[in-house]
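Before any comments, here is the structure.
This is how it looks when you write it as structure tokens:
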């Protein structure tokens, strides 16, 4: 713990210099600006930035300062890495240039505020309850399909808050392109989650039943749509509440 604090102090000092301070200047502390302690890991710092983006989404000047603070911490850590000094570099920042399994479209951790979580969970719960209350003979997957569409718009709204992009007043074309990317990401990441969960809970079991000639239980046949909807609802709620 003491070693970690020492390493955090090294990076904090370098980050403060990166924000414009020198040996004799009272440079702003980027960790203090983001509300985290020196030595915090990469996830904690990124979460702090996301919270500040939500807090200052209508205040461009403060938002710019938060992004500058975050950038200074990352740049200071990467600069230390380039110099061969890895003592103050977070392990996740060390691999910041590594390409993830799903590339730039992989989900990124980003926790929503409580109010948004409640709305997301309510949508998921409504889809499951409606499916369960529907008579078994006429059940279908329409409730979860509609819930998926709602979740796409919820994700788009979340991206608009945490990733505002260029101002339309300054660069309308860049702002439109950024908005299109947000929409495409919202559509693709939510749809991919729905499709993967649907395959794992609906198509894959049926394939296994047929391949191995397994007798399908009656209770499963009567409640398959409820099971699929419940799993898909949970997956979509987790995605929209904790990722972007």
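In this note's numbering, the protein residues as written are 1 to 244.
Even glycine gets a Cβ: it sits at the ideal position worked out from N, Cα and C.
The segment 118-127 contacting the segment 230-241, beta-carbon criterion three pairs below 8 Å: yes
Secondary structure of residue 83, DSSP reduced to three states: coil
Alpha helix (DSSP H) segment containing residue 116, residue limits: 114-133
Within 8 Å, strictly: CB atoms of residue 50 and residue 110: yes
CB contact flag (residue 323, residue 193, <8 Å): Look at the range of the chain in this structure, 1 to 244, and you will see that residue 323 is not part of it.
Span of the alpha helix (DSSP H), counted from its first residue to its last, around residue 217: No alpha helix (DSSP H) contains residue 217, which DSSP labels as neither H nor E.
Separation of residue 186 from residue 197, as counted between CA atoms: About 17 Å.
beta-carbon residue 240 near the ligand ADP non-hydrogen atom, thresh 7 Å: Judged by which ligands are present, the structure shown has none, so any question about the ligand ADP falls away.
The segment 30-45 / the segment 62-77 touching (three or more Cβ pairs under 8 Å): yes
Where the alpha helix (DSSP H) containing residue 188 begins and where it ends: 172-198
Whole-Å CB distance - residue 252 paired with residue 66, under 8 Å assumed: Summary: the structure shown does not reach residue 252, with the chain confined to residues 1 through 244, and so no result is reported for it.
Residue closest to residue 243, alpha-carbon to alpha-carbon, out of 60, 211, 225 and 117: 117
Residue 56 in three-state terms, based on DSSP: coil
Alpha-carbon to alpha-carbon, residue 227 and residue 201: 8 Å
Assigned secondary structure, residue 109 (DSSP; H/G/I helix, E/B strand, else coil): Collapsing the DSSP output to three states places residue 109 in a strand.
According to DSSP, residues forming a beta bridge with residue 243: According to DSSP, residue 243 bridges with 109.
Residue closest to residue 154, alpha-carbon to alpha-carbon, out of 115, 169, 240 and 172: 240
Rounded C-alpha distance that separates residue 132 from residue 143: 10 Å
Exposed unless 16 or more other CB atoms sit within 10 angstroms - verdict on residue 152: Burial state of residue 152 is buried, judged by a 10 Å Cβ sphere holding 16 or more other Cβ atoms.
Residue environment, residue 237, which counts as buried when at least 16 other CB atoms sit within 10 Å: buried
Three-way DSSP call (helix, strand, coil) for residue 168 in this model: coil
Cα-Cα separation between residue 225 and residue 178, rounded to whole angstroms: 37 Å
Own chain, CB closer than 7 Å to residue 215, minus 5 neighbours either side, in chain order: none
Segment limits, alpha helix (DSSP H) that includes residue 37: Neither: residue 37 is in no alpha helix (DSSP H) and is coded neither H nor E.
For residue 141, the three-state DSSP class (helix, strand or coil): coil
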